[in-house]
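In case it helps, mature numbering (1 follows the signal peptide of the UniProt record, and there is no 0) puts the sequence shown at residues -24 to -1, 1 to 614.
Idealized CB from N, CA, C, for every residue including glycine.
Keep in mind that this is a model prediction, so the values were computed, not measured.
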Amino acid sequence: MGKPYVSLAVQLLICCALMVPVSAQSVAAAPSPSSPAPATRNFTWDVEYIMWAPDCHQSVMIGINGEFPGPTISANAGDLIRVEVTNSLHTEGVVIHWHGIRQIGTPWADGTASISQCPINSGERFTYEFIADKPGTFFYHGHFGMQRAAGLYGSLIVNGTEQQPEPFAAEYDGELNMLLSDWYHENVYAQAAGLDGKDKHWEWVGEPQTILINGRGQFGCSLGITGDRRACDRRKRDALCKEGDKSERCELIRRSECGPFCERSQCSPVVFDVDPGKTYRLRIASTTSLSALNVQVQGHKLTVVEADGNFVAPFDVDDIDIYSGETYSVLLTTDQRASSSSYWISVGVRGRRPKTPPALAILNYTNSKPGRSSWPASVPPATPAWDNVTRSKEFTYRIKARDGTPTPAAAAVDRRITMLNTQDWVQGHVKWAINHVTLSLPATPYLGAYFYGIEDIAFDSSGESPDGYDRRYDIKKPPGAQAPAARVPTTASDRVFRIAHGAVVDVVLQNANALEEDVSESHPWHLHGHDFWVLGYGDGVYDHARDSRKLDTATPPLRNTVVLFPHGWTVLRFVADNPGVWAFHCHIEPHLHLGMGVIFAEGMEKLRELNVPREAITCGEAKTASLSLAPAVAPSRP
């Protein structure tokens, strides 16, 4: 990519206005935001390989400006965010997806390789420019290969303003930010090679070694009192580098050598400093590659107020479940009067038999003296049983829209797409598939193909992806055990769903058995370019005549990520009012790598009205097309 494309601020602001809706790393609470006029937020990033020890085990990772996680972007609703990204990865391209940002009028800035843009080649740079169109808790991550699992991610916080207030803004005194992820010691290139292996060479990634909180965890030992030898050993720190030692020896030792207790360690635990008698907004986002998680704060109730950047009817819980791609805001009041001044925050695995121990952080009452933490003397609270799906459903079903949230379009649904989620073998490779089709992305970004009118040569545009499946398929059986009449071979395709501008679309996600007997996994599905209404959930096979009466069109929450439970169904609705080519996929990184996604080409008749920068879409077949076909509106330059 060449010179970065910029200068859309006025156009995008108008567009969005018309749219409808350190021994430990100490984290002091941020004050509640003010409401200045919209501004331009400029960032310059260098994406590069780094050596890091996020769980006291040193590995090669992908960092930004030499750090992991990447820098936190903080903006106000209505601000223009401009991020110049230089790719300093010597062996691969890169893109950045702004998870939860709808990219109204800027579909090329969505950051999805082969879908919305060309990868940024090694040594080149590209500038993302988009409006933070509404307040909420978001994040960003790599969307090329499995770069999210390599550490390419960070937080994106959009504050409310007087023009776009958050209804609970007056209810808290400060903010805390918690970014959750899982971490493998085997690098993503080895993981991808195993997933791409044929026949006996296929290899699953397995369970992660560590859960990270704000990029920090501890492998092989526990910070809490365990009563066994798994407790982390403080003597290791003392033997290598005594507290306060400024000697050359101490300065030069690797930050992974002395475990979580060294002052400079990259794996020291996160400490959230809080004042007693206050209420805090705890923003929680999950960037995990595989794991569904549960979060609880010892001795404290949590009030859920936001989900995926949308306001929800407040409700109190002891803990929350969070799936990959989801974000929440919860209100936490520091109301404990016990002798202890610090409390464990436990983060455990849900939905999979956990080989990964819970992660721990510390909530530290400081009386306005940040950093003076004492470690909790109690045993960390145990997170719920990993296989208690009923508990997960109960939490999820409680999430309802707050009063004032837009409700689903009253007009008749224009299109209903049912998506059967299956796992199967395709020419010797294990794949995930939707309606027996596994997604295979083309070399030319779909957005570029449609913009230049070359879809006939850029990908298979001879038809659409299938919008349903044979109802004789038994969702309780693996593909190989299906009756002959229901057995449909799984194939690979790069076809899309063509959606007319303004159409009201219902999507029925139908889960089924995987390749192994009696195994059906939870899948968090994420839609780019939109929020959607979650109309309902259920067990077994969705039957529209029977189950449509159960759907909630009065108080459905708006989300951008939704869970599909094992052997169950989930129904969502969105309005196709944002022209672009948008991915809809399982947010589990290896599942997406194995083809678990679809593409919505939405409002393509409106695409050439947009000011699409050529450098975002000119690769593959578009290289030749761009020489003879000018954009509908010539891009301006700063």
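Membership of residue 157 in any alpha helix (DSSP H) is not indicated; the residue belongs instead to the beta strand (DSSP E) covering 150 to 159. Counted as a single uninterrupted DSSP element, the beta strand (DSSP E) harbouring residue 326 occupies residues 318 to 326. If you check the CB distance, residue 299 and residue 337 do not come in under 8 Å.
Three or more Cβ pairs closer than 8 Å define a contact, and the segment 437 to 454 falls short of that threshold against the segment 503 to 511.
DSSP places residue 369 in the uninterrupted alpha helix (DSSP H) bounded by 365 to 373. Going by DSSP, residue 590 is part of the alpha helix (DSSP H) stretching over 590 to 593.
Fully enclosed alpha helix (DSSP H) runs of no fewer than 4 residues occupy 422 to 428, 431 to 434 of the segment 368 to 440, in order along the chain. A straight line joining the alpha-carbon of residue 297 with that of residue 281 spans about 14 Å. The beta carbon of residue 403 lies closer than 7 Å to none in the same chain, with the five residues before and after it left out. Nearest to residue 474 by alpha-carbon distance, out of 256, 426, 492, is 426.
When secondary structure is reduced to three states using DSSP, residue 272 falls in the strand class. Taking the CA atoms as reference points, residue 454 sits about 28 Å from residue 164. Under the DSSP definition of a beta bridge, residue 515 partners with 544. Ranking 159, 535, 580, 458 by CA distance to the CA of residue 553 puts 580 first. When the beta-carbon positions are compared, residue 332 and residue 185 come within less than 8 Å of each other. Taken atom to atom, the span from the alpha-carbon of residue 468 to that of residue 70 is near 24 Å. A direct Cα-to-Cα measurement between residue 36 and residue 177 gives close to 25 Å.
DSSP places residue 73 inside the beta strand (DSSP E), whose first and last residues are 72 to 75. Taking 8 Å as the cut-off, the beta carbon of residue 30 is found closer than this to the beta carbon of residue 193.
Within the same chain, Cβ atoms closer than 6 Å to the Cβ of residue 157 are found at 188, 263, 264, the five residues on either side in sequence being excluded. Unbroken beta strand (DSSP E) runs of no fewer than 3 residues, entirely contained in the segment 11 to 50, are found at 16 to 28, 35 to 40, following chain order. Note that the segment 130 to 139 touches the segment 39 to 56; at least 3 beta-carbon pairs, one per stretch, sit closer than 8 Å. If you keep only unbroken alpha helix (DSSP H) runs of at least 4 residues inside the segment 543 to 577, you get 565 to 569.
By the Cβ rule, the segment 553 to 569 does not count as touching the segment 361 to 381, because fewer than three pairs are nearer than 8 Å. Following the DSSP letters along the chain, one finds residue 520 inside the alpha helix (DSSP H) bounded by residues 520 to 523. Inclusion of residue 421 and residue 77 in the CB contact set at 8 Å is not warranted, their separation being larger than that value. Residue 124 carries a helical assignment under DSSP once its states are collapsed to helix, strand and coil. Counting C-beta pairs with one atom in each stretch, the segment 480 to 499 and the segment 529 to 544 have three or more that are closer than 8 Å, which means they touch. Between residue 511 and residue 549, the gap from beta carbon to beta carbon is short of 8 Å. The Cβ neighbour count for residue 291, taken over all protein chains shown within 10 Å, is under 16; the residue is labelled exposed. Look at the beta carbons and you see the segment 116 to 136 touching the segment 555 to 566: at least three pairs across the two are nearer than 8 Å.
Proximity to residue 84 across 66, 75, 104, 99 peaks at 104, based on C-alpha coordinates. A straight-line Cα-Cα distance of about 12 Å links residue 140 and residue 286. Counting C-beta atoms within 10 angstroms of its own C-beta, residue 113 has 16 or more neighbours from the protein chains shown and is therefore classed as buried. Under the 10 Å beta carbon count, residue 373 is surrounded by fewer than 16 other beta carbons and is classified as exposed. Annotated three-state conformation of residue 299 is coil, per DSSP.
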